[in-house]
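Let me begin by presenting the structure, written as structure tokens, before commenting on it.
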Amino acid sequence: MSDTSRRSLLALAAAAAPALAVAGAATAQTAAGGGVHAQLGAGRAAIVTGSSRGIGAATAKRLARDGFAVTVNYLTNRDLAAQVVRDIEAGGGRAIFRQADVADPDAVRALFDANQEAFGGVDVVVSNAAIMNTAPFAQFEDAAFDRMIATNIKGSFNVLREAARRTRDGGRIVALASTSIKAKRATHGGYAATKAAQEIFAGVLSKELAGRRISVNALAPGPTNTSLLDVPPPLRAQAAQMTPYGRIGEPEDVANAIAALCAADGEWINGQVVFANGGFL
Ligand SMILES: NC(=O)c1ccc[n+]([C@@H]2O[C@H](COP(=O)([O-])OP(=O)(O)OC[C@H]3O[C@@H](n4cnc5c(N)ncnc54)[C@H](OP(=O)(O)O)[C@@H]3O)[C@@H](O)[C@H]2O)c1
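Residues are numbered in our numbering as their position in the sequence shown, beginning at 1, plus a constant of 17.
This is the structure:
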């Protein structure tokens with residue numbers, strides 16, 4: 018090994034030392050049977066973007082059951098968002114709902130402000146809101162492509178940037194990717210590219226937040242029974258056949274996987290793309 022390489026390695030080790038010391042302290046607390054992570058949900062708050070329906074709504078309800086106070090977000094479906102809040106409250110949980118277009122950074126800041134005012138801070142952020150526009154490259158229209166980039170890439174960036182600023186130490190951040198980043202289906206080029214961006218966002222952010230015990234991951238569902246999966250029944254059946262369980266996912270299947278990443282024991286899963294697709298592909 019050259020002197021330059023050795024010096025680079027030593028510098029890397031020195032830079033990592035403070036983060037390792039913090040991780041060691043957290044492990045000791047956990048091993049002692051308590052500590053900061055034992056009850057991640059208790060007294061804590063979560064923001065789930067795009068949680069008026071689909072995977073986001075199921076995630077908001079699941080995190081509420083795990084003890085998080087939840088800020089539910091929507092773009093147009095106010096009534097559905099209000100119903101998610103009522104469902105959470107009926108189960109004994111706490112929640113508010115707020116309209117915010119994730120593509121608008123000011124609206125995202127206001128969403129986090131609303132959560133702050135209601136619940137005093139945020140511990141879990143799920144960047145879930147997205148749209149799917151599909152077409153062959155040759156026919157893809159500019160407006161459809163640009164809106165998808167604005168929502169899925171810039172929108173998730175807006176949410177993750179605010180999450181980086183405000184998530185309390187020991188928290189969790191999850192960005193929704195998609196199994197389409199592996200499948201590379203015809204017509205999915207634009208959409209899959211926006212979902213591949215979530216892998217990069219999560220990996221980079223996990224490193225930027227080093228030393229604060231905040232785990233950041235991308236979670237990649239497979240075909241899931243929501244209105245985003247706008248495909249005819251034969252294609253749904255085909256997707257079901259490509260899954261060992263013989264069915265496509267339900268929103269709750271994906272919400273359970275997100276909740277596992279957000280649980281106390283999920284800490285060590287960090288900077289990954291976790292495929293939650295029942296074995297699809
Ligand atoms: N379903 C699948 O098969 C599948 C597979 C892989 C990955 N995913 C990913 O999983 C996530 C959730 O998908 P889903 O199937 O649950 O979608 P969905 O049923 O279409 O729900 C989308 C949600 O996002 C909200 N939304 C859309 N644009 C928004 C914006 N600009 N600002 C704020 N909220 C916005 C919608 O609000 P309104 O109700 O107000 O419109 C709704 O709550 C997405 O990231 C998607 O890419 C889904």
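Heads up, the beta-carbon is just placed ideally off N, CA and C, and yes, glycines get one too.
- Across the structure, V139 and A155 are spaced so that their CA atoms are roughly 43 angstroms apart.
- Straight-line measurement puts the Cα of G206 at about 18 angstroms from the Cα of A256.
- In this structure, V119 keeps its C-beta atom at 8 angstroms or more from the C-beta atom of A180.
- Annotation: P240 is outside any alpha helix (DSSP H) and is labelled neither H nor E by DSSP.
- Annotation for A99: F114 place their beta carbon closer than 8 angstroms to its own, counting only its chain and skipping 5 residues before and after.
- Excluding sequence positions up to five before and after A131, its CB lies within less than 8 angstroms of the CB of T88, I113, R115, all in the same chain and listed in chain order.
- Comparing alpha-carbon positions, the option among S244, F85, L97, A214 lying closest to I198 turns out to be A214.
- Set against 7 angstroms, the gap from the CB of A117 to the closest heavy atom of ligand 1 is smaller.
- Relative to T196, the option among T260, R229, I166, F136 whose CA is nearest is T260.
- Cβ atoms of S173 and F218 come within 8 angstroms of each other, at about 6 angstroms.
- By the Cβ-count criterion, P249 is exposed, with fewer than 16 other Cβ atoms from all chains shown falling within 10 Å of its own Cβ.
- Counting the other Cβ atoms within 10 Å of the Cβ of E284 gives 16 or more, which makes it buried.
- For A293 against A237, the beta-carbon gap comes to about 7 angstroms, under 8 angstroms, which counts as contact.
- Here DSSP, grouped into helix, strand and coil, assigns Y91 to strand.
- Relative to ligand 1, even the nearest heavy atom lies 7 angstroms or more away from the CB of I217.
- Counted as a single uninterrupted DSSP element, the stretch harbouring L298 is not any alpha helix (DSSP H), since DSSP gives it neither H nor E.
- For T184, the enclosing beta strand (DSSP E) has its first and last residue at 184-193.
- Here R182 is exposed: its Cβ has fewer than 16 other Cβ atoms, across all protein chains shown, within 10 Å.
- Per DSSP, the unbroken beta strand (DSSP E) holding S144 starts and ends at 139-144.
- A contact between stretches requires three or more CB pairs, one per stretch, nearer than 8 angstroms, and the segment 65-81 meets this requirement with the segment 258-276.
- For V125, the closest of R70, R164, L177, G108 by C-alpha to C-alpha distance is L177.
- Judged by DSSP secondary structure, Q116 falls within the beta strand (DSSP E) whose first and last residues are 112-116.
- Contact annotation: G295 and G239 have beta-carbon atoms nearer than 8 angstroms.
- In the DSSP annotation of this structure, the continuous segment of the alpha helix (DSSP H) that includes A74 starts and ends at 71-82.
- In this structure, A200 keeps its C-beta atom at 8 angstroms or more from the C-beta atom of S144.
- F162: member of the alpha helix (DSSP H) spanning 159-165, first to last residue.
- Residue pairing of L252 in beta bridges, as defined by DSSP: absent, with no partner found.
- Scanning S69, L278, Y91 for the CA closest to the CA of D83 turns up L278.
- The C-alpha of A127 lies about 24 angstroms from the C-alpha of A59.
- A straight line joining the alpha-carbon of R202 with that of V291 spans about 20 angstroms.
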